[in-house]
Amino acid sequence: MAGGFWLSLNVPVDSLSWCPQSSQGVRSWKFSAILPWFWEPSPSDPLRLELGTHLTFLLPPLYSLVFVIGVVGNTLVVLVLTKQKRLRNMTSIYLLNLAVSDLLFLFTLPFWIHYILKNAWVFGHAMCKLLYGLHYVGLYSEIFFIILLTIDRYLAIVHATFALRARTITFGIITSVITWVLAILASIPNLHFSQTKKVFTEYACSIYFPHESHRAWRYFQALLLNLLGFMLPLLVMVFCYTGIISILCRRPNEKKVKAVRLIFAIMIIFFLFWTPYNLAVFVSAFQEHMFTNFCEQSRQLAVALQVTQMIAYTHCCVNPVIYVFVGEKFRKYLRQLFQWHGAMYLEKPQPFLSRVRLERASSTSLSTSEHQLSGML
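Quick note: the sequence shown uses the UniProt record's numbering, first residue 1, plus one each step.
Structure below.
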């Protein structure tokens, strides 16, 4: 496959190592739009064509569902944080940025769905670059904000006195801006090398590294994704939660346990969804050094890469679900949000009194100080 499909976002199509194929393979290019980067379409390989056909029917409805749930869920998170909590602490600022990261990622899905259905890129070169940029900025910023949330919980519990001075709204805004800058910097290689190319009769949107250095760039991208998306958050999680658990074991505190529970759930779910895909990308990038039967292992890796990527990309709609099931205050704020808007639209006989009661209830629930670990927990 000379042109890349969006599911191969982390491996450039220029770095293909071809397995022996039938000369008829070029006529089956339509199937290649939904197969991994290291597969060339061939009518002599039923497994490839079967997987490609199944993915054609599976991915559009799956990612459409992810898009709807993710946009609705993360938009509600943004509304709850801005309307009900009013961003009064650093945790809320990080959770808001985390929701924005997911929304950036979700924005690209309709275009990729169209790409799957049409087997051709019709949105032009500029949109190709923009979507790759948004995709990776959304991915890396989500990773970084999950790390910041974990560090925030660590400081609040293990270094409570220092946290009273450091965990301010100003510091939360400054670190958020720095985080977005770092996410953009980490995404620059993919933004720079993404482009459209004509493949046979259609255009493809993918990452094309320079021929003379494509292997080095391919290794770099796989290592960068695994370093930032796996090793760094894993080290932060182990360090921070070791300290947190140590404190909670010595001085059990129900409020502190609740404060940790939501962030811990976000971190664990992130690892469950993304680690298999990160490892599959790493193995696929270095497969020529790992396997002797390259062609056979490529077929197995293709299935693993597609399955793990489908799982990983559904993660962008999961965080709001975690808030609903784990965050007690989030459920309360969500009910208040619906009640307040319901009272406005239904025009109840005493809307002013209803709003006053709701605002008082909201103010009461939000009046907890920083040392009480207030948050959407």
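Quick reminder that beta carbons are idealized off the backbone N, C-alpha and C, glycines included.
As the structure is a computational prediction, the values presented were derived from the model and not from experiment.
For residue 185, the number of other beta carbons within 10 angstroms of its own is below 16, and it is reported as exposed. Residue range 169 to 193 is occupied by the alpha helix (DSSP H) that includes residue 176. Here the alpha carbon of residue 256 sits roughly 8 Å from the alpha carbon of residue 248.
Judged by beta-carbon spacing, residue 263 lies within the 8 Å limit of residue 150, meaning their Cβ atoms are closer than that value. Counting only residues of its own chain and dropping the five nearest sequence neighbours on each side, residue 335 has no CB closer than 7 Å to any other CB. Residue nearest to residue 261 within the set 241, 272, 109, 277 is 241 (criterion: CA-CA distance).
Distance from the CA of residue 270 to the CA of residue 310, rounded to the nearest whole angstrom, comes to 14 Å.
When rounded, the separation of the alpha-carbon atoms in residue 268 and residue 95 is 16 Å. For residue 126, the closest C-alpha among the options 206, 265, 329, 116 is that of 206. For the pair residue 147 and residue 236, the CB atoms are nearer than the 8 Å cut-off.
Where residue 212 is concerned, there is no enclosing beta strand (DSSP E), because DSSP gives it neither an H nor an E. Residues of the same chain with a CB within less than 8 Å of the CB of residue 265, apart from the 5 flanking positions on each side, are 322, 326 in chain order.
With respect to the 8 Å criterion, residue 219 and residue 285 are classified as neighbours on the basis of their beta carbons.
In the DSSP assignment, residue 205 falls within the beta strand (DSSP E) that extends over 202 to 207.
By the Cβ criterion, the region 56 to 76 is not in contact with the region 126 to 146, since fewer than three pairs of Cβ atoms, one from each stretch, lie closer than 8 Å. If you draw a straight line from the Cα of residue 233 to the Cα of residue 140, it comes to about 11 Å. Take the alpha-carbon of residue 78 and the one of residue 288: they are about 45 Å apart. Note that the C-beta distance between residue 101 and residue 145 is below 8 Å.
When rounded, the separation of the alpha-carbon atoms in residue 315 and residue 195 is 26 Å. A straight-line Cα-Cα distance of about 29 Å links residue 199 and residue 104.
At the C-beta level, residue 67 and residue 106 come within 8 Å of one another. Between the beta-carbon of residue 324 and that of residue 273 there is about 17 Å, and that puts the pair past the 8 Å contact cut.
Residue 199 carries a strand assignment under DSSP once its states are collapsed to helix, strand and coil.
Within the same chain, and ignoring the five residues on either side of residue 183 in sequence, the residues whose Cβ sits closer than 7 Å to its Cβ are 137, 140, 141, 144. Taking every protein chain shown into account, the CB of residue 174 has fewer than 16 other CB atoms within 10 angstroms, so this residue is exposed. For residue 144, the enclosing alpha helix (DSSP H) has its first and last residue at 124 to 158.
At a Cβ-Cβ threshold of 8 Å, residue 70 and residue 158 do not count as neighbours. Straight through space, the alpha carbons of residue 87 and residue 110 are spaced by roughly 31 Å. Annotation: residue 339 to residue 332 spans about 11 Å, alpha carbon to alpha carbon. In the DSSP assignment, residue 261 falls within the alpha helix (DSSP H) that extends over 254 to 285.
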